[in-house]
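Q: Starting off with a structure, shown below.
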Amino acid sequence: MPRHLILFLASVITVGAAVWVGAQERTPAPAAASTAVATAPGSAHSSAVTPRANAAARLEGEKRFRANCERCHAAPGKFPPRMMATIVRHMRVRANITGEDARLILNYMSQ
Amino acid sequence: MKSPCILKFRANRVTEMRPSLVILVNCPANVAPLRAAAPWSPSPRQHTGPSRRLFWTVAIILLATLVSTPYANAQAPDAQSSPESYEGEPIPILSAGMGFITPFEGGAPHLDPLISPVILIPLGNHWLIESRDTFEASFVQPPGSGGFRGKVLKEVDYVQLDYIANPYLTVTVGRYLTPFGIFNERLYPIWIRDLQSDPLILPIGIGPSNAGTGAMVRGGFAAGPQIRINYTAYFSTLSTVSPMDSDRFAGGRLGIYLPGPRLEFGGSFQHLLEQERSNSFGFHFAWQPLRVPLDLRGEYARSIHGSGYWIESAYRLRQAPFWNNELRRAQVVARAQQFFVGALPAASLLPVNTQQVEFGLNYYFRDDLRGVSSYGRQFSALGNENIWTVGLTYRFVVPLGRAEARGANN
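Residue numbers (my numbering), protein chains in the order written: chain A, 1 to 111; chain B, 1001 to 1410.
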């Protein structure tokens, strides 16, 4: 079998497995936090947010912020949500932050 | 007439006060004349043997990544792949880190103003254009002269287009910071670094101007409840367009983060696909204990040009039992490092084995304004010398559009 084909198949399997593992792992995130973030202020379902779920999301967001952002720099000031969304997208790329972490951090930093 | 061999490197802000970033020397016989006539056309040596295989390997990985993207998108709900959407559309912003640093090297003062603007332009839910440039000057007082003289140096650190393909993967094309180790990847900006001098081993594995030009895939995923993996694979092509020059190389970086003990460790690898076709590799770690405001970081790098390590600790005095309001803004820093010359010395690295130790004191007036100071001592066969640094760093962010969401004022 040509070497390039072997490399191609190995690459597909590796990347596919990584994505699959990540997708499987996504579910165990704190249920309250996920619910709250999915229905964060500004979304169509924001009326369904309970204070308790919101607090859980904020707590989880702070935890992810400390794990991902404060590893490198001090906590920045807070900015309007649309600015924060751009900053978080930038940092998501720069610091290899997962989509879920970025969402929770944005929710935390926007409050 | 010999062809000029252009060696380009980023000046080490404090420890190397060379007057210019560009050195023109005549190429020795064993080094191929570089990039003069047709910088983008491959030489007969390029695309042969192992480098060709490596090129195809990286190309295949990039292709496989793109092939796997639709599957991953199908797995991920929209909110996951575009996390910002629920807070309204992100807007373009301009940010910059700036500083005025005054290092005293061997008793001679230098004036180093620097500004590094960052422009971020989000497009839709998945795209981002980002760029960072650095304008840096180093003014010194020539002997017998009454004033300071120097040059303003400019560099394009990165200009890249990012496509956030799914929650775990981003594809980047353009000019990007070479992801090797942690300093260039994470700690380089003037408002982030705890000590203003670059580590002695920084030039290892990052290419000229700390950047590559080509394509990169990167991302992170959770491999378990307590293990997070981040990864990067990249390919850079040769560019001689100043100030966006880069080498032809390919490599990867892998990091493992354990959220429990807040420990990250990982490694980097890079293969140069031109000139001496050498390998570079490195290891890094970072640890932030949960109960103590301490950052402990270290890095080791090795290439044919040299090897070495640095280890740095930074302690924020948040837990001071007295004067807490004042001391909680202060940070004490220490860094020790060592460099060993390799078999093929490079102009961007020190020419002799060197040891250096530094102590710093930073004070955060605000989260975006910081006073920095440090004292260091460098030991080498060229002579020992003191390195003092004092300065200010500042960072700002301004929107390039309407920052408030529609209806926010209602």
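Where a beta carbon is used, it is the ideal one built from N, C-alpha and C, also for glycine.
Residues of chain B with CB under 9 angstroms from Thr50 of chain A, in chain order?
A: Chain B residues near Thr50 of chain A: none, gap ~17 angstroms exceeds 9 angstroms.
Q: Select from B:Ile1204, B:Ser1313, B:Trp1310 the residue whose C-alpha is nearest the C-alpha of Leu1272 of chain B.
A: B:Ile1204
Q: Assign Asn1386 of chain B to buried or exposed, taking buried as 16 or more other Cβ atoms, counted over all protein chains shown, within 10 Å of its Cβ.
A: exposed
Q: Measuring alpha carbon to alpha carbon, tell me which of B:Arg1186, B:Leu1344, B:Thr1102, B:Trp1191 ends up nearest Phe1396 of chain B.
A: B:Trp1191
Q: Between the C-alpha atoms of Ser1278 of chain B and Gly1219 of chain B, what's the straight-line distance to the nearest angstrom?
A: Taking C-alpha positions only, Ser1278 of chain B is separated from Gly1219 of chain B by approximately 27 angstroms.
Q: Cutting at 6 angstroms between CB atoms, please list the residues of its own chain near Ala1314 of chain B, excluding the five before and the five after it.
A: Asp1194, Asp1295, Gln1331, Val1333
Q: Beta-carbon within less than 6 angstroms of Ala1336 of chain B's beta-carbon, same chain only, minus the 5 sequence neighbours each way: which residues are those?
A: Ile1311, Val1357
Q: Could you check whether the Cβ of Gly1174 of chain B sits closer than 8 angstroms to any Cβ belonging to chain A?
A: no
Q: For Tyr1158 of chain B, tell me which candidate among B:Ala1381, B:Ser1131, B:Phe1359 has the shortest Cα-Cα distance.
A: B:Ser1131
Q: Would you mind sorting Arg1248 of chain B into buried or exposed? The rule is 16 or more other CB atoms within 10 Å of its CB.
A: buried
Q: At which residue ranges does the region 1123-1189 of chain B contain complete beta strand (DSSP E) runs of 3 or more residues, listed in the order of the chain?
A: 1127-1140, 1149-1166, 1169-1177
Q: Leaving out the 5 sequence neighbours to the left and right, which residues in its chain are closer than 6 angstroms to Ile97 of chain A when beta-carbon positions are compared?
A: Asn68
Q: Taking three-plus beta-carbon pairs below 8 angstroms as touching, is the region 1168-1175 of chain B in contact with the region 1098-1109 of chain B?
A: With the cut-off at 8 angstroms, the region 1168-1175 of chain B and the region 1098-1109 of chain B do not touch.
Q: Roughly how far, in whole angstroms, is the beta-carbon of Gln1246 of chain B from the beta-carbon of Leu1254 of chain B, given that I think they are within contact range, below 8 angstroms?
A: Looking at the sequence shown, residue 1246 of chain B is not Gln but Ser. Not confirmed; about 22 angstroms, so no contact.
Q: Where DSSP assigns a beta bridge to His1284 of chain B, which residues make up the other side?
A: B:Gly1266, B:Glu1299
Q: Do the region 85-99 of chain A and the region 1113-1133 of chain B touch if we need at least three Cβ pairs shorter than 8 angstroms?
A: yes
Q: What separation, rounded to the nearest whole angstrom, lies between the Cα atoms of Leu1400 of chain B and Gly1360 of chain B?
A: 36 angstroms
Q: Assign Thr1417 of chain B to one of three DSSP states: helix, strand, or coil.
A: Any answer about residue 1417 of chain B is impossible in this case: the structure gives chain B only from 1001 up to 1410.
Q: What does Gly61 of chain A reach in chain D if we use C-beta pairs closer than 9 angstroms?
A: Of the protein chains in this structure, namely A and B, none is chain D.
Q: Does Gln1288 of chain B get closer than 8 angstroms to chain A when you measure Cβ to Cβ?
A: yes
Q: Measuring only the C-alpha atoms, how far is Gln1196 of chain B from Ile1229 of chain B?
A: 29 angstroms
Q: Can you check whether the C-beta of Ala56 of chain A is within less than 8 angstroms of a C-beta belonging to chain B?
A: no
Q: Within 8 angstroms (strictly less), CB to CB, does Phe79 of chain A reach chain B?
A: yes
Q: Determine whether the Cβ of Cys69 of chain A lies closer than 8 angstroms to any Cβ atom of chain B.
A: no
Q: Could I get the ranges of all uninterrupted beta strand (DSSP E) runs contained in the region 1353-1410 of chain B, with 3 residues as the minimum, in chain order?
A: 1354-1366, 1369-1380, 1385-1399
Q: So with Cβ pairs under 8 angstroms, would you call Tyr1394 of chain B a contact of chain A?
A: no
Q: So if I threshold CB-CB distances at 7 angstroms, which residues from the region 1183-1202 of chain B count as touching chain A?
A: Arg1186, Leu1187, Ile1192
Q: Applying the criterion that 16 or more other CB atoms from any shown protein chain within 10 Å of the CB defines a buried residue, is Val1398 of chain B buried or exposed?
A: exposed
Q: Measuring only the C-alpha atoms, how far is Arg1402 of chain B from Ile1091 of chain B?
A: 7 angstroms
Q: Mind checking whether Phe1148 of chain B and Phe1135 of chain B have CB atoms under 8 angstroms apart?
A: no
Q: Can you check whether the CB of Leu1200 of chain B is closer than 8 angstroms to the CB of Leu1350 of chain B?
A: yes
Q: Select from the region 1356-1379 of chain B all residues with a C-beta closer than 9 angstroms to any C-beta belonging to chain A, and list them in chain order.
A: Residues Tyr1364, Arg1366, Asp1367, Asp1368, Arg1370.
Q: Output the distance between the C-alpha atoms of Glu1274 of chain B and Ser1307 of chain B, rounded to the nearest integer angstrom.
A: 20 angstroms
Q: Based on DSSP bridge pairs, tell me the residues matched to Asn1279 of chain B.
A: B:His1271
Q: Note down the Cα distance separating Phe984 of chain B from Leu1290 of chain B, rounded to an integer number of angstroms.
A: No answer is possible for residue 984 of chain B: it lies beyond the span of chain B, which begins at 1001 and ends at 1410.
Q: What residues from chain A crowd round Asn1230 of chain B, counting only those whose CB sits closer than 7 angstroms?
A: Listed by position along chain A, the residues whose Cβ is nearer than 7 angstroms to that of Asn1230 of chain B are Asn96.
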